[in-house]
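Q:
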Ligand code: MSP
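Numbering (the working numbering), first residue to last: 79 to 620.
#1: Is residue 340 near ligand 2, with its Cβ less than 8 Å from a heavy atom?
#2: So residue 554 packs on residue 479, CB below 8 Å; how close in whole Å?
#3: Under DSSP, the beta strand (DSSP E) around residue 197 begins and ends at which residues?
#4: Alpha carbon to alpha carbon, how far is residue 289 from residue 337?
#5: Using a threshold of 9 Å, state whether the C-beta atoms of residue 85 and residue 171 are closer than that.
#6: So, at 7 Å on beta carbons, what are the nonlocal neighbours of residue 317 in its own chain, with the 5 sequence-adjacent residues on each side left out?
#7: Between residue 421 and ligand 1, is the CB less than 8 Å from at least one heavy atom?
#8: Only counting the same chain, and skipping five residues up and downstream in sequence, which positions put a Cβ closer than 6 Å to that of residue 183?
#9: How long is the line joining the alpha carbons of residue 576 and residue 408, rounded to whole angstroms?
#10: Near residue 285, which residues of its chain fall below 6 Å by C-beta distance, leaving aside the five closest residues on each side in sequence?
#11: Should residue 114 and residue 83 be called a contact, given that it needs their Cβ atoms to be closer than 9 Å?
#12: Within its chain, find whatever has a CB closer than 8 Å to the CB of residue 406; leave out the 5 residues flanking it on each side and keep chain order.
#13: Name the DSSP bridge partner or partners of residue 230?
#14: If distances are taken between C-alpha atoms only, which option among 366, 399 and 398 comes closest to residue 390?
#15: Using 10 angstroms around the beta-carbon of residue 440, count the other beta-carbons present and answer buried if the total reaches 16, otherwise exposed.
#16: With residue 104 as the anchor, note down where its alpha helix (DSSP H) starts and where it stops.
#17: Do residue 100 and ligand 1 come close, with the Cβ less than 8 Å from some heavy atom?
#18: Give the straight-line distance between the Cα atoms of residue 148 and residue 160, rounded to the nearest whole angstrom.
#19: Considering only heavy atoms of ligand 1, does any lie closer than 8 Å to the CB of residue 90?
#20: Any chance you could list the beta strand (DSSP E) runs of at least 3 consecutive residues sitting entirely within the region 331-412, in chain order?
#21: From residue 474 to residue 538, what does the alpha carbon distance come to, in whole angstroms?
#22: Are there any heavy atoms of ligand 1 lying less than 8 Å away from the beta-carbon of residue 405, as far as the coordinates show?
#23: Using a Cβ-Cβ cut-off of 7 Å (strictly less than) and excluding sequence neighbours within five positions of residue 91, which residues of its own chain qualify?
#24: Do residue 357 and residue 369 have their C-beta atoms within less than 9 Å of each other?
#25: Please find out if some non-hydrogen atom of ligand 1 comes closer than 8 Å to the beta-carbon of residue 391.
#26: Please state whether DSSP places residue 240 in a helix, a strand or coil.
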């Protein structure tokens, strides 16, 4: 059975509605999934929501809802938003799904039966916002991001930490230190490269065992520990499935072990070879959970390790003009609603701008001014004009594709353009294998400039009147290269690509063999007079 290309996104906490930062992770994965499909591969793409834990429990309570009611509501908002953005995922997983609860329970039993789980105690700091235990060395004085009260915060995220002392089940992460290190050193699995080094340093500093349960007295909203030996009769107004069954455990499984296991649950598709992930897309803030903890759990369970982990930077935004841009987040109040931007500018513009403006190496600042300037220059001017020229009625009066020119009719200028096209296809493919979407777009747009220059220099509007033989060559090149460009933009500009290919009346849209000059046939019928693809926006009229 051949392996399905498996791509995942983080699953999102259901404590607040989606913002640009969230949809960005799923957008990257959607783009990579579409590229793999374009290349002809079978793909399985999973996204979803992370619903258990103290943070969601507290948020539900403050909204006078049960955690499940609250999770149902917010999870639906994510699903609706991803639907509006046309993400083409194969499963939207929720950690409250029955098969997931079963998978997590099984995984726990495997880790436990391997002797990797033991009962211990944790005394130290906990960040509810990040659902993470924070070592003393990472705690600094700061201000609560919501109330501005002076308090202790986690230096990596700025979230408030609280002191806790709890009995926990622990996982023997330290036992896997050398295997994790070896994987990081040999496979170099993390993109960008400097993040691989960060993880190597982290592991080399020494791995400690980690807590993998929370005491039910602290949070009840989680999956029960199977056969919890510490169990006694609890008097709780409990939400967990096991309690409903009258079999409460004193602990629930730590939300990160629960969440990470989603990648295994989703891959349990009968008749398909999906697991492990070829690529996990995550934000840099949750890299350690994926590159170290998840790997430890997999090694303990004897499961194969993922191919790559792509850790992207954050979207920053200003709360108001005077302030510096900081990580977009609901609690800070600088979030941008993807639903609003998609309704205002369309999905393709949003996708292009988010993917073009951000490199995975660094954080990026979001502003509507930048969006508009990219829309006007790259989309309306460069791509929009190119398409209008290629598909104009004036240049295609018969609506029929001319004969593919044989070599003797191609001059040096044509050959340069075709050579450049072939180099672009090759380079773009290499970039997507890394993956590096920003440079994919930069490379492709450099080619579009060349393509536009070719048309300007060759003046087909003059050739059609005074040199029909040469016109036929230039016209063929314009239509055929446009076909290939339309395929290459398809992972990013999904709708625009469809429109262009519909106008070109091209049905074959899947497979790398299509990225080859010379496939459009003579007398193939096309539609002309394509409507304006991207309307320019005046900056002050936004
Ligand atoms: N539930 C965990 C992930 C579990 S995966 C097994 C979680 N959820 S989250 O909702 O807080 O974040 C989900 C993703 O959104 C993370 O990859 C995070 O980096 C990303 N982003 C949240 N805010 C962001 C920005 N402002 N910018 C870019 N991405 C950020 O962590």
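The beta carbon of each residue, even a glycine, is placed where N, CA and C say it ideally should be.
A: On the basis of the data shown:
#1: Only ligand 1 can be found as ligands here, which leaves ligand 2 out of the picture.
#2: Along the chain shown, read from residue 1 onward, the residue named residue 554 stands at position 476. Along the chain shown, read from residue 1 onward, the residue named residue 479 stands at position 401. Taking a contact as a CB-CB distance under 8 Å, the pair residue 554 and residue 479 counts as one, their CB atoms being some 7 Å apart.
#3: Looking up residue 197 in the chain shown gives position 119. Element bounds for residue 197: 195-205.
#4: Here residue 289 is taken as the residue at index 211 of the chain shown, counted from 1. Here residue 337 is taken as the residue at index 259 of the chain shown, counted from 1. About 14 Å.
#5: Within the chain shown, the letter at position 7 stands for residue 85. Within the chain shown, the letter at position 93 stands for residue 171. No, the Cβ-Cβ distance between residue 85 and residue 171 is not below 9 Å.
#6: Here the question's residue 317 lines up with position 239 in the chain shown. Unreliable positioning characterises residue 317 in this predicted model, as indicated by a pLDDT of 47, which lies under 50. A coordinate reading is not provided.
#7: The residue you call residue 421 lines up with position 343 of the chain shown. No, since every heavy atom of ligand 1 falls outside the 8 Å radius drawn around the Cβ of residue 421.
#8: Within the chain shown, the letter at position 105 stands for residue 183. If the five residues before and after residue 183 are omitted, its C-beta is found closer than 6 Å to the C-beta atoms of 304, all from its own chain and listed in chain order.
#9: Translated into the one-based positions of the chain shown, residue 576 becomes position 498. Translated into the one-based positions of the chain shown, residue 408 becomes position 330. Straight across, the Cα-Cα distance linking residue 576 with residue 408 is about 35 Å.
#10: One-based indexing of the chain shown puts residue 285 at position 207. Counting only Cβ-Cβ distances below 6 Å, and skipping sequence neighbours, we find 251, 252 and 255.
#11: Taking the first residue of the chain shown as position 1, residue 114 is located at position 36. Taking the first residue of the chain shown as position 1, residue 83 is located at position 5. Yes, Cβ-Cβ distance for residue 114 and residue 83 is below 9 Å.
#12: Translated into the one-based positions of the chain shown, residue 406 becomes position 328. A distance below 8 Å between beta-carbons, with the five flanking residues on each side excluded, links residue 406 to the following residues of its chain, in chain order: 97, 98, 99, 392, 393, 394, 395, 412, 413, 414 and 444.
#13: As a first step, residue 230 must be located in the chain shown, where it is residue number 152. Looking at the DSSP assignment, residue 230 forms a beta bridge with 219.
#14: Translated into the one-based positions of the chain shown, residue 390 becomes position 312. Of the candidates 366, 399 and 398, 366 places its Cα closest to the Cα of residue 390.
#15: For the purposes of this step, residue 440 is taken as the residue at position 362 of the chain shown. Its Cβ having fewer than 16 others within 10 Å, residue 440 is exposed.
#16: Taking the first residue of the chain shown as 1, we reach residue 104 at position 26. Per DSSP, residue 104 belongs to the alpha helix (DSSP H) from 98-116.
#17: By one-based count along the chain shown, residue 100 stands at place 22. Relative to ligand 1, the nearest heavy atom lies less than 8 Å away from the CB of residue 100.
#18: On the chain shown, residue 148 is found 70 positions in, with the first residue counted as 1. On the chain shown, residue 160 is found 82 positions in, with the first residue counted as 1. Answer to the nearest angstrom: the Cα atoms are 19 Å apart.
#19: To locate residue 90, count along the chain shown from 1; it is residue 12. Residue 90 has its CB nearer than 8 Å to a heavy atom of ligand 1.
#20: The region 331-412 contains these whole beta strand (DSSP E) runs: 357-361, 386-390 and 393-395.
#21: In the chain shown, residue 474 corresponds to position 396, counting from 1. In the chain shown, residue 538 corresponds to position 460, counting from 1. Separation of residue 474 and residue 538 (C-alpha to C-alpha, rounded to the nearest whole angstrom) is 10 Å.
#22: The sequence position of residue 405 within the chain shown is 327, counting from 1. Correct: residue 405 has its Cβ closer than 8 Å to ligand 1.
#23: Position 13 of the chain shown, counted from the start, is the residue given in the question as residue 91. Correct list, in chain order: 128, 133 and 134.
#24: The residue given as residue 357 occupies position 279 in the chain shown. The residue given as residue 369 occupies position 291 in the chain shown. Contact: no.
#25: Taking the chain shown and counting its residues from 1, the one referred to as residue 391 is at position 313. Residue 391 Cβ: within cutoff of ligand 1.
#26: The residue given as residue 240 occupies position 162 in the chain shown. Strand, per DSSP.
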